[in-house]
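K.L.:
Read top to bottom, the protein sequences are chains W and B.
Under the working numbering, the residues of the first sequence are numbered 1 to 306, in order.
Under the working numbering, the residues of the second sequence are numbered 1001 to 1541, in order.
A virtual CB, placed ideally from N, CA and C, is assigned to each residue, including glycine.
This is the structure I want to talk about, given as structure tokens.
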Amino acid sequence: MIRFIFKRLLQGLLVLFVLYTLSFFLIKTLPGDAFTGERAISEEAVEALKKRFGLDRNWITQYALRLRRLIVNQDLGVSPKKNREVSMILRQSFPPSAILGLNALLVACAIGIPLGVFSAVNKNSWFDYAAMGFAMIGICVAAFIIGPLLQTQIAMRVPAFKVAGWENPLDWILPAITLGLAPAAYLARLTRGGMLEILNQDFVRTAHAKGVPPLTVIWRHTLRGGLIPSVAFLGPAFAALISGSFVVETIFQVPGMGRHFIDGTIDRDEFLLLGCVLYFGILIVILNLVSDIIQALLNPRLRDSL
Amino acid sequence: MRVPAILFLAFLTALIVSCGEKTAADRAVEDGILIVGNSSEPKGLDGQLVTGVLESNLIRALFEGLCTEHPSKDGVAMPGAAKKWKANDDFTVWTFDLGEDRVWSDGVPVTTKDFLFSFQRILTATLGSEYSEMLFYIKGAEEFYKGETTDFSTVGAKAIDDYTLEIALRGSIPFLPEITKHYTWYPVPRHVVLKHSGGKIDVPFSGWTKPGNIVSNGPFTLKSWRINDHIEVEKNPRYWDAATVKLNGIRFLPVVNSYTEARMFFDGLMHITYTLPPEFIPYANNNYPDETRSELYLATKFVRFNVEREPFKDNPKLRRALALAIDRESLIENVLQGGQKPAYGMVPPFGNYQTERAVEFNPEEARRLLAEGGFSDPKTFPRIKLLTADRDVSKRIAEAYQGMWKEHLGIHIDIEQKEWTSYLNAMTRLEYDLADSGWVGDYLDPTTFLDMWIKDGGNNRTGWSNDEFEKLLKQSEHERDPVERLKILQKSERILMSELPALTVYWYTTNYLIDTRVKGWSPLLLNNHPYKWVSLEPNPD
């Protein structure tokens, strides 16, 4: 197990290196730079700014210097558009995104898994069709429709909820539902598929034949195996959820990471953008590893491969 | 099951308890805290390093220039860091008396040393300020900035003593007090900036504006700043005119999504919105008539022509044809819905300046000019593109132009949408045919809309130039009589509008929602409201 984790972490480092390198050069190919503004800047100012940020050198030198600074000093630099250290921006923005993502994940699991299990158990019943219909809607309807709907139909009618803002735990609920509905729908479909596969296995039939109560069959014998596809999905989905959603964060005014991704791209703020990319990369690597370990714990057959 | 049940009960209790509570805006009225939408996260709080409107809103609360805005009258300068000022006969030398009671929020007096340091800092090219040219009105400032001299004493700003500042200008500028209201002219605290930048004048990101470090001279001081969440300022007890300041603080919310912002207002979460999207204007007018405001704003919407490219190169008739084919009234009524005014000139009319009627909707004349411009058969008109930003409103406006040109001239123009930086980049590099654009005035003088069209000016972005136009602009700087000066500027605008490097479309309005309990917030053309006069008073029921 330890060897497996070590191996995967090494692979992860390689992934991060490739990700950083590719992103660095891709950003450089975008038209314009961080100093392109609506109001023209004098050549003298552009020159001074580029020098200040080390952008006056050739790409390879910039890359080498920045990578060295990242590895040696863990320094992501200063954002020229926000005039702050990138690490400080990420540090302030990560907690709201993490809280929102975690809550969205809870919403997704609380809705998706039971829905999938009931659908599988009651295959081809009206409940199954309704649940899978809901799942389809959840996948198709975008957050920018669900969000404003929740704002106008719930937040503006129920005094306890606010249209937007991030001050107390009640403010987490509507954004979490908005963000969690799509993964809930995916989870429902994946859980249904996984469960159906297990429910057709011989040992389940044997359990039924031996007179084990149906709930126990589901809870004890099938759920563990039936959830494997969902767990595989949850790793990267969780990383995506906690690294911020631009749409949900702007609709509900959540001070999270999602906006920085978009702002960084639009503003050509390469320091901020690379910081976000790296952060997201690290999350994906770690959560994929966690997801693999959980899958191995759920499925004894996988344990040998570790 | 006990834990979920307890959690559910706690949630239900919270829900019930919070029902019937006062809204955030109600509580803020009681506390004297104004809650304002401010569009987005600011680039910073150093007035010498930022360029935007939203930054200006914050800096205006924290700092104060030599003169300040009048709460309800445009073009009237009120005492700020200077208690009084006077000019010589031809408005080329101005003397400002700084009040001895003006201090920074840490108690250190605001002196001429701070102003000279600030002027020198923003004019030091290696600082990388994007707005240094606002100080080029000072004699020798441009030369110093461009490195023609490193001796700051050659720049026309000098301290007569600690509290008397003399500014010699490059020409006759009767509107200098208006310019000093702009944040690029505000002082920065010399002692604090130098402390955080290791004694150097040109360190842009020294952290002196962070909470805990920042020291300011305005009616408010920085209280807290959380990225993408809020910036809160509180009343500055050391402010020289603290007795006038009625608010205890202001909370600025960087709400990017204008629809969310409007809903936040309707839900009682803020007092003033930054904007109001066109789709919400009819709803707001019907349901919140007392809260909905639409006020003229000193800004012009226009479409740039790339005059270095065919078919617009050396073809002012064709440019005019396109300008006359735009039905501005219809665009405003059907697409924008915000009470904008049709722009028949580049400079919005204000004060004593009379804008001449240079372009108006006239489809017949437009068709005649199109033929004279070489396209008597519209089918021979080349396939060209209108460049626009990837914003919803920009797209709708572009489609309206497209439809009008098709209907009135019979020509088809494609729309090319680019994301913001690519759009700006294409416009700067003259890689476009037509570009949807606009300009917001910095101060109340026609030159804020005319200076940009000089040859090779960074904001020109059309390739157009005209010697006579520039000669008139220079002449205006040497005209002592303010009335004559405006007439010269009018002549220069006439040249601009006859050549039309850009076709003007409308003069902007600001559309926003404001709580009826906010008092002292009057329409101002520059939309630079001085917060010290604003108060919150409960409505009598």
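1. Given 8 Å as the limit, is there contact between the stretch 1243-1263 of chain B and the stretch 1098-1106 of chain B, that is, 3 or more CB pairs closer than that?
2. Are at least three pairs of beta-carbons, each pair with one atom in the stretch 1277-1296 of chain B and one in the stretch 1485-1501 of chain B, less than 8 Å apart?
3. I believe residue 1461 (chain B) touches residue 1304 (chain B) by the beta-carbon criterion, under 8 Å. Please report the beta-carbon distance rounded to the nearest angstrom.
4. Any C-beta of chain W sitting closer than 9 Å to the C-beta of residue 1266 (chain B)?
5. Closest to residue 1084 (chain B) by CA distance: which of B:1474, B:1139 and B:1177 is it?
6. Are the C-beta atoms of residue 1385 (chain B) and some chain W residue less than 9 Å apart?
7. Can you find a CB in chain W that lies within less than 9 Å of the CB of residue 1511 (chain B)?
8. When the cut-off is 9 Å and only beta carbons count, does residue 1232 (chain B) lie next to chain W?
9. Under 7 Å Cβ-Cβ, which residues of chain W neighbour residue 1416 (chain B)?
10. Which same chain residues end up closer than 7 Å to residue 1151 (chain B) when comparing Cβ atoms and leaving out the 5 residues on each side of it in sequence?
11. Could you tell me the alpha carbon to alpha carbon distance between residue 1001 (chain B) and residue 210 (chain W), rounded to whole angstroms?
12. Look at residue 1072 (chain B) and residue 1524 (chain B) and say whether their C-beta atoms are less than 9 Å apart.
13. Using only alpha-carbon positions, find the residue among B:1175, B:1437 and B:1283 that is nearest to residue 1351 (chain B).
14. In whole angstroms, what is the alpha-carbon distance linking residue 1003 (chain B) and residue 1278 (chain B)?
15. Going by other Cβ atoms of all chains shown within 10 Å of its Cβ, with 16 needed for buried, is residue 129 (chain W) buried or exposed?
16. Do the stretch 1232-1244 of chain B and the stretch 79-97 of chain W touch if we need at least three Cβ pairs shorter than 8 Å?
17. Taking a Cβ distance cut-off of 7 Å, strictly less, list which residues of the stretch 83-97 of chain W are near chain B, in chain order.
18. Pull out every residue of the stretch 109-136 of chain W whose Cβ sits closer than 7 Å to any Cβ of chain B, in chain order.
19. Which residue wins for smallest C-alpha separation from residue 187 (chain W), given the options W:11, W:4 and W:234?
20. Determine the burial state of residue 142 (chain W): buried for a count of at least 16 other Cβ atoms within 10 Å of its Cβ, exposed for fewer.
21. Just grab the DSSP bridge partners of residue 1067 (chain B) for me.
22. In chain B, which residues lie with their C-beta within 9 Å of the C-beta of residue 267 (chain W)?
23. Quick check on this structure: which residue in W:48, W:118 and W:66 has the alpha carbon closest to the alpha carbon of residue 219 (chain W)?
24. Could you pull the DSSP bridge partners for residue 1037 (chain B) from this structure?
25. At the 9 Å Cβ level, is residue 255 (chain W) part of the contact set with chain B, yes or no?
26. Give me the subset of the stretch 44-63 of chain W whose CB atoms are less than 7 Å from a CB atom of chain B, sorted by chain position.
27. Give me the Cα-Cα distance between residue 1516 (chain B) and residue 252 (chain W), rounded to the nearest whole angstrom.
28. Just to make sure I have the definition right: I need the residues of chain B whose C-beta is within less than 9 Å of the C-beta of residue 156 (chain W). Which are they?
29. With three or more beta-carbon pairs closer than 8 Å as the criterion, would you say the stretch 1152-1160 of chain B touches the stretch 1039-1055 of chain B?
30. If you run the structure through DSSP and keep just helix, strand and coil, what is residue 86 (chain W)?
31. How would you label residue 1412 (chain B), buried or exposed, when you count the other beta carbons within 10 angstroms and need 16 or more for buried?
32. Considering only C-alpha positions, which residue in the set W:161, W:289 and W:38 is nearest to residue 1269 (chain B)?
33. Applying the criterion that 16 or more other CB atoms from any shown protein chain within 10 Å of the CB defines a buried residue, is residue 1404 (chain B) buried or exposed?
34. Just tell me which of B:1530, B:1357, B:1529 and B:1407 has its CA closest to the CA of residue 1366 (chain B).
35. What are the boundary residues of the beta strand (DSSP E) that includes residue 123 (chain W)?
P.N.:
Taking the coordinates as given:
1. no
2. no
3. Position 461 of the second sequence, counted from the first residue, corresponds to residue 1461 (chain B). Position 304 of the second sequence, counted from the first residue, corresponds to residue 1304 (chain B). With 8 Å as the limit, residue 1461 (chain B) and residue 1304 (chain B) qualify as a contact, their Cβ atoms being about 6 Å apart.
4. Stepping through the second sequence from its first residue, residue 1266 (chain B) is reached at position 266. Taking Cβ atoms only, chain W reaches closer than 9 Å to residue 1266 (chain B), which makes this a yes.
5. Indexing the second sequence from 1 puts residue 1084 (chain B) at position 84. Here the closest residue by C-alpha is B:1177.
6. Here residue 1385 (chain B) corresponds to residue number 385 of the second sequence, with the count starting at 1. For residue 1385 (chain B), the answer is no, since every Cβ of chain W falls outside 9 Å of its Cβ.
7. Counting from one through the second sequence, the residue named residue 1511 (chain B) turns up at place 511. Answer no: the Cβ-Cβ gap between residue 1511 (chain B) and chain W never drops below 9 Å.
8. Locating residue 1232 (chain B) in the second sequence gives position 232, where the first residue counts as 1. Not closer than 9 Å to any Cβ of chain W, the Cβ of residue 1232 (chain B) fails to qualify, so no.
9. Position 416 of the second sequence, counted from the first residue, corresponds to residue 1416 (chain B). Per Cβ cutoff of 7 Å: no residues; residue 1416 (chain B) is ~13 Å from chain W at best.
10. Along the second sequence, read from residue 1 onward, the residue named residue 1151 (chain B) stands at position 151. If we look at residue 1151 (chain B) and ignore the five residues flanking it on each side, it has no Cβ neighbours.
11. Your numbering for residue 1001 (chain B) matches position 1 in the second sequence. Your numbering for residue 210 (chain W) matches position 210 in the first sequence. Its pLDDT being 41, under 50, residue 1001 (chain B) is placed unreliably by the model, and the measurement read from it follows with that caveat. Cα to Cα, residue 1001 (chain B) sits roughly 29 Å from residue 210 (chain W).
12. On the second sequence, residue 1072 (chain B) is found 72 positions in, with the first residue counted as 1. On the second sequence, residue 1524 (chain B) is found 524 positions in, with the first residue counted as 1. Taking 9 Å as the Cβ cut-off, residue 1072 (chain B) and residue 1524 (chain B) qualify as a contacting pair.
13. Against the second sequence, residue 1351 (chain B) aligns to sequence position 351. Taking only the C-alpha atoms, the option nearest residue 1351 (chain B) is B:1175.
14. On the second sequence, residue 1003 (chain B) is found 3 positions in, with the first residue counted as 1. On the second sequence, residue 1278 (chain B) is found 278 positions in, with the first residue counted as 1. With a pLDDT of 47 at residue 1003 (chain B), under the threshold of 50, the predicted position of this residue should be treated as unreliable, though the coordinate-derived value follows. Between residue 1003 (chain B) and residue 1278 (chain B), the C-alpha separation is close to 48 Å.
15. Here the question's residue 129 (chain W) lines up with position 129 in the first sequence. That one is exposed.
16. no
17. 83, 89, 92 and 93
18. none
19. For this step, residue 187 (chain W) is matched to residue 187 along the first sequence. Selected option, being the one with the closest Cα: W:234.
20. The count along the first sequence starts at 1 and reaches residue 142 (chain W) at position 142. Flag for residue 142 (chain W) reads exposed.
21. Taking the second sequence and counting its residues from 1, one reaches residue 1067 (chain B) at position 67. DSSP output for residue 1067 (chain B) lists B:1079 as bridge partner(s).
22. Residue mapping note: residue 267 (chain W) aligns to position 267 of the first sequence, counting from 1. Result: 1420 and 1421.
23. Counted from its first residue, the first sequence places residue 219 (chain W) at position 219. Among W:48, W:118 and W:66, the Cα nearest to that of residue 219 (chain W) is on W:118.
24. Here residue 1037 (chain B) refers to the residue found at position 37 of the second sequence. According to DSSP, which records beta bridges pairwise, residue 1037 (chain B) is partnered with B:1253.
25. Taking the first residue of the first sequence as 1, we reach residue 255 (chain W) at position 255. By this cut-off, residue 255 (chain W) is an interface position.
26. 44, 45, 48, 49 and 52
27. Mapped onto the second sequence, residue 1516 (chain B) falls at position 516. Mapped onto the first sequence, residue 252 (chain W) falls at position 252. The alpha-carbon atoms of residue 1516 (chain B) and residue 252 (chain W) are separated by roughly 25 Å.
28. On the first sequence, position 156 is the one that residue 156 (chain W) refers to. Ordered by position in chain B, the residues that pass the 9 Å Cβ test against residue 156 (chain W) are 1263, 1266 and 1267.
29. no
30. In the first sequence, residue 86 (chain W) corresponds to position 86, counting from 1. It is helical.
31. Reading the second sequence from its first residue, position 412 is the one you call residue 1412 (chain B). Residue 1412 (chain B) should be labelled exposed.
32. For this step, residue 1269 (chain B) is matched to residue 269 along the second sequence. The candidate whose alpha carbon is nearest that of residue 1269 (chain B) is W:161.
33. Your numbering for residue 1404 (chain B) matches position 404 in the second sequence. So residue 1404 (chain B) ends up on the buried side.
34. Looking up residue 1366 (chain B) in the second sequence gives position 366. When only C-alpha atoms are compared, the closest one is B:1407.
35. Along the first sequence, read from residue 1 onward, the residue named residue 123 (chain W) stands at position 123. No beta strand (DSSP E) holds residue 123 (chain W); DSSP gives it neither H nor E.
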